[in-house]
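These protein sequence lines are chains A and B, in that order.
Under this note's numbering, the first residue of the first sequence carries the number 76, and numbering increases by one thereafter.
Under this note's numbering, the first residue of the second sequence carries the number 10, and numbering increases by one thereafter.
All residues carry an ideal CB built from backbone N, CA and C; glycine is no exception.
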Amino acid sequence: MEYRNVLTTCPYCGTGCALYLQVLDGSVVGTLPVKGHPISEGALCIKGWNAHGFIHHADRLTKPLIREQGQFREAGWDEAYNLIADRFSSFKSDFGPDSLAVLSSAKCTNEENYLLQKFTRAFLGTNNVDHCARL
Amino acid sequence: MNRLEALRNAVGELLDKVEGVIALRNKSGHVAPHLFREREELNGLGLSPKYPLPATLRLIQNEYPEAKLGIVCRGCEERGLIEMAKRNQVELGNVTVIGLACTADEAEECRCAKPYPSVLVDAHVGERTEPVPDRVAEELRQKEVAERLSFWRSQFDKCIKCYACRNACPQCFCPECTLEEELWVERGRVPPPFPSFHLIRAMHTAGKCVGCRECELSCPAHIPMTALYALIRQEMGEMFGYEPGVDLEDQPPLVLPMEVEI
């Protein structure tokens, strides 16, 4: 019998509302707002209140899937990363760096977004980098 | 001895007799509900801001119905516990209650009619303070119906339909919520229809709303809905002589058959 609340940041947008994930015996069972937090001031939107929903959801992807002839098959992480690296490299050498574009996310941290634009500009060699918050 | 030390002593003593005590824990500068199992954890015991701990009790009892537990309750939480017990949401047989009286400032902030527990309590912490009248509700009561209607219209126009009032409410435990039924609440419409959305909630919490103010505190639009529920509570008191959260034996009027016409 173990119940505790884990302080974290809402993953749904870039606002940065704080929330508690309610953990009962290792399973995440609910969300609570964080009272007195400087960003969210004890409130959450409807997405934040349901931020725990996907964690143990049956539809959640937990392994990489590779599509071959229209069908997905499960793969290991090494295989998936190798495939991504091979395809990026071949597109870059065959069609030039501007044939590639990268779309980042408002759900990521500043640091992750920084890394992604660095990867895009310095490694892929293109300025084609954008993010989902600019829809 | 200050309130926090007194509470720490009371929880510590209770931990020798029960499997765990539900109270607030202060960690990383923020406070949240926690199930304390060991005395060593009590350094992190917190006092405020309050969270509805009876909702945590319900969650834990769902998995561990037989567990011997303790819970720290303020006045509103004790009232909530009483209403939840009447509706079989918590089982009080194995539960020991440590009562925590609110400070005068806390009572003032909540416009609380009874800022201390007194019914289920096995140990008391803190000095009782005076009840605070709900001035927002009183002012509204003095106004004409049309004026009240326009007040609530302007308030509920701010609603972003986040369901925080429903989610934060320790008395909202229906597995299927009317506010999610397409028949009553059209999907994708914000603000939700006035006044039905908010009056459905007001009607469904009538007889069990104990004025803990969790709905209002978690509302991103700062709608003072506690005042609306306080007015309904007042009406119900006059009509049925029923006050929620006072007595475990009193049956709520909305779940009883009518014996007389009104």
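Neighbours of L188 of chain B in chain A, taken as residues at a C-beta separation under 9 Å, are lacking, since the least C-beta distance is about 12 Å. Excluding residues up to 5 positions away in sequence, R88, I91, E92, V219 lie with their Cβ nearer than 6 Å to the Cβ of G254 of chain B in the same chain. Between S37 of chain B and chain A, the shortest Cβ-Cβ separation is below 7 Å. Per DSSP, reduced to three states, the secondary structure at P108 of chain A is strand.
Residue pairing by DSSP places G79 of chain B opposite B:V30, B:T105 in a beta bridge. Contact between the region 120-128 of chain B and the region 136-154 of chain B is present, with at least three C-beta pairs closer than 8 Å. Take F45 of chain B, set aside five residues on each side of it, and the residues of its chain with a beta-carbon closer than 8 Å to its own are V20, L24, G29, V30, I31, A32, R34, L51, L54, in chain order. Counted as a single uninterrupted DSSP element, the stretch harbouring L199 of chain A is not any beta strand (DSSP E), since DSSP gives it neither H nor E. Listed by position along chain B, the residues whose Cβ is nearer than 9 Å to that of I114 of chain A form an empty set, because the closest Cβ is around 12 Å away. By a beta-carbon distance limit of 8 Å, C85 of chain B does not contact C181 of chain B. Their separation comes to about 15 Å. Not a single CB atom of chain B sits nearer than 7 Å to the CB of P86 of chain A. Listed in chain order, the positions of the region 209-235 of chain B with a beta carbon within less than 8 Å of a beta carbon of chain A are L226, S227, C228, P229. C-alpha of L13 of chain B to C-alpha of E268 of chain B: approximately 49 Å in a straight line. Here the region 159-179 of chain B makes contact with the region 224-237 of chain B; the two share three or more CB pairs at distances below 8 Å. According to DSSP, residue pairing for V199 of chain B in a beta bridge does not occur.
At a Cβ-Cβ threshold of 7 Å, A146 of chain B and A236 of chain B count as neighbours. Using a C-beta cut-off of 8 Å, the region 174-193 of chain A makes contact with the region 87-106 of chain A, since at least three inter-stretch Cβ pairs fall below that distance. For the C-beta of H207 of chain B, not a single chain A residue is nearer than 7 Å; the gap to the nearest is close to 16 Å. With the rule of 3 Cβ pairs closer than 8 Å, the region 171-185 of chain B does not count as touching the region 152-161 of chain B. Taking every protein chain shown into account, the CB of K193 of chain A has fewer than 16 other CB atoms within 10 angstroms, so this residue is exposed. Interface annotation, G117 of chain A: in contact with chain B, CB-CB separation under 7 Å. H112 of chain A and R17 of chain B have their alpha carbons spaced roughly 25 Å apart. When C-beta distances to chain A are compared with 8 Å, the residues of the region 38-55 of chain B below that value are H39, V40, A41, P42, H43, L44, R46, in chain order. Chain order gives the chain A residues near C171 of chain B as A118, L119, C120, I121, K122, G123, W124, where near means a beta carbon separation below 9 Å. Among the residues of the region 80-101 of chain B, none has a Cβ less than 9 Å away from any Cβ of chain A.
Cβ contact annotation for A76 of chain B (same chain, cutoff 6 Å, sequence separation greater than five): E28, in chain order. Of B:E22, B:L265, B:C224, the smallest CA-CA separation from Y60 of chain B is found for B:C224. Interface flag for V177 of chain A against chain B is unset, since no Cβ pair is found closer than 7 Å. Pairing L82 of chain A with S205 of chain B gives a Cβ-Cβ distance that is not under 7 Å.
Contact residues of the region 116-133 of chain B toward chain A are absent (C-beta to C-beta distance below 7 Å). In this chain, Y73 of chain B is not harboured by any beta strand (DSSP E), its DSSP state being neither H nor E. Within a 10 Å sphere around the beta-carbon of Y156 of chain A sit fewer than 16 other beta-carbons, which makes this residue exposed.
Here the C-alpha atom of L136 of chain A lies approximately 32 Å from the C-alpha atom of V194 of chain B. From the listed residues B:K152, B:L265, B:V128, B:A116, the smallest Cα separation to V141 of chain B is found for B:A116.
Interface annotation, I107 of chain B: not in contact with chain A, CB-CB separation never under 7 Å. Annotation: Y87 of chain A is outside any alpha helix (DSSP H) and is labelled neither H nor E by DSSP.
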